[in-house]
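A.B. asks:
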Amino acid sequence: MTDKDKLTFQNDGYFFEGNYSLLLLENRSISLTDAVLLDSVQKGKRISPEAIAMLRKRKLIEGRLPHIFIAKDIAQVTDQKIEYSKHKGLDDKKCEALLLDSLKDHGSLTKPEIVRLLWDVLPDQLDDKQKEYKINNLLRKLRKEGKISNTTIAGNKSTWALVNG
């Protein structure tokens, strides 16, 4: 697509990318204000708490502050399905299933292997510390439920395996 082929919209100095210009044209329930705010969210710009509340009430955004992102319906219309899926990541149940299936397949996994398994399927909106916290919570939860166990080998190498697996 060349620059000539892109649809753009400019209003009082605000420049829209093609996806949001089309959204405005195709969806009469989206106001110019909504489109400007959604464009800002998509670009990672901060918007006011009032604007966030309004967009959330209209189901146009998802996520928790400061990691908000456009809702699935908007992502589908604006050709941002992959970005949406990366922002959302796998939910806890799918991460749990992935880990349990991998433990079933391989017998056991070390902590670094578990981190490598889950890291890229967690929401990309999470920072490294949040991803580590989420993985540790998942391991702790599964251990408390009696689904997995942890064994330390050679003083510091921790491995995880299914209980009765």
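All residue numbers for the sequence shown refer to our numbering, where the first residue is 40 and numbers rise by one.
Glycine is no exception: its CB is placed at the ideal position from the N, C-alpha and C atoms.
#1: Are the beta-carbon atoms belonging to L201 and L139 less than 8 Å from one another?
#2: Would a C-beta distance cut-off of 8 Å place L161 and K170 closer than the cut-off?
#3: Could you tell me the distance, in whole angstroms, from the CA atom of Q49 to the CA atom of K143?
#4: Starting from the C-beta of Y172, find all residues in its chain whose C-beta is less than 7 Å away, skip the five residues before and the five after it, and write them out in chain order.
#5: Looking at the unbroken alpha helix (DSSP H) that takes in N176, where does it start and where does it end?
#6: Just the C-alpha distance for K45 and C134, rounded to the nearest angstrom, thanks.
#7: Under three-state DSSP, which class holds T72?
#8: Answer with buried or exposed for T117, where buried requires no fewer than 16 other C-beta atoms within 10 angstroms of its C-beta.
#9: Which of helix, strand or coil does DSSP assign to L201?
#10: Determine the extent of the alpha helix (DSSP H) in which S124 is found, giving its start and end residues.
#11: If I'm right that D131 touches L178 with Cβ under 8 Å, what's the distance once you round it to whole angstroms?
#12: I'd like the span of the beta strand (DSSP E) that includes I100, first residue to last.
#13: Taking DSSP's pairing of strands, which residues face N189 in a bridge?
#14: Where P88 and L104 are concerned, what is the direct C-alpha to C-alpha distance, given to the nearest angstrom?
#15: From the DSSP output, in three-state form, read off S147 for me.
#16: Could you say which of E152, V80, K120, T191 lies nearest to G102 if we only look at CA atoms?
C.D. replies: A quick look at the data gives this:
#1: Residue 201 sits at position 162 when you count from the first residue of the sequence shown. Residue 139 sits at position 100 when you count from the first residue of the sequence shown. For L201 and L139, yes; Cβs fall inside 8 Å.
#2: On the sequence shown, position 122 is the one that residue 161 refers to. On the sequence shown, position 131 is the one that residue 170 refers to. Yes, the Cβ-Cβ distance between L161 and K170 is below 8 Å.
#3: For the purposes of this step, residue 49 is identified with residue 10 of the sequence shown, where counting begins at 1. For the purposes of this step, residue 143 is identified with residue 104 of the sequence shown, where counting begins at 1. Reliability fails at Q49, whose pLDDT of 46 lies under 50, so the model's placement of it is uncertain and the value that follows must be treated cautiously. So the alpha carbons of these two residues sit roughly 55 Å apart.
#4: In the sequence shown, the residue the question calls residue 172 occupies position 133. Closer than 7 Å at Cβ, skipping near neighbours: no residue.
#5: Locating residue 176 in the sequence shown gives position 137, counting from the first residue. N176: member of the alpha helix (DSSP H) spanning 167-183, first to last residue.
#6: Position 6 of the sequence shown, counted from the first residue, corresponds to residue 45. Position 95 of the sequence shown, counted from the first residue, corresponds to residue 134. The predicted position of K45 is uncertain, since its pLDDT is 43 and thus under 50; no value can be drawn from it.
#7: Locating residue 72 in the sequence shown gives position 33, counting from the first residue. The answer is helix: DSSP assigns T72 an H, G or I state.
#8: Residue mapping note: residue 117 aligns to position 78 of the sequence shown, counting from 1. T117 is buried by the Cβ-count criterion.
#9: Counting from one through the sequence shown, the residue named residue 201 turns up at place 162. Shown here, L201 sits in a strand according to DSSP, grouped into three states.
#10: Here residue 124 is taken as the residue at index 85 of the sequence shown, counted from 1. Unbroken alpha helix (DSSP H) run through S124: 120-127.
#11: Reading the sequence shown from its first residue, position 92 is the one you call residue 131. Reading the sequence shown from its first residue, position 139 is the one you call residue 178. So it is not a contact: roughly 12 Å between Cβ atoms.
#12: Against the sequence shown, residue 100 aligns to sequence position 61. First-last of the beta strand (DSSP E) with I100: 100-103.
#13: Position 150 of the sequence shown, counted from the first residue, corresponds to residue 189. In DSSP, N189 forms a bridge with W199.
#14: In the sequence shown, residue 88 corresponds to position 49, counting from 1. In the sequence shown, residue 104 corresponds to position 65, counting from 1. Rounded to the nearest angstrom, the two C-alpha atoms are 9 Å apart.
#15: Start at 1 with the first residue of the sequence shown, and residue 147 comes out as number 108. Three-state DSSP puts S147 in a strand.
#16: Locating residue 102 in the sequence shown gives position 63, counting from the first residue. Comparing alpha-carbon positions, the option among E152, V80, K120, T191 lying closest to G102 turns out to be V80.
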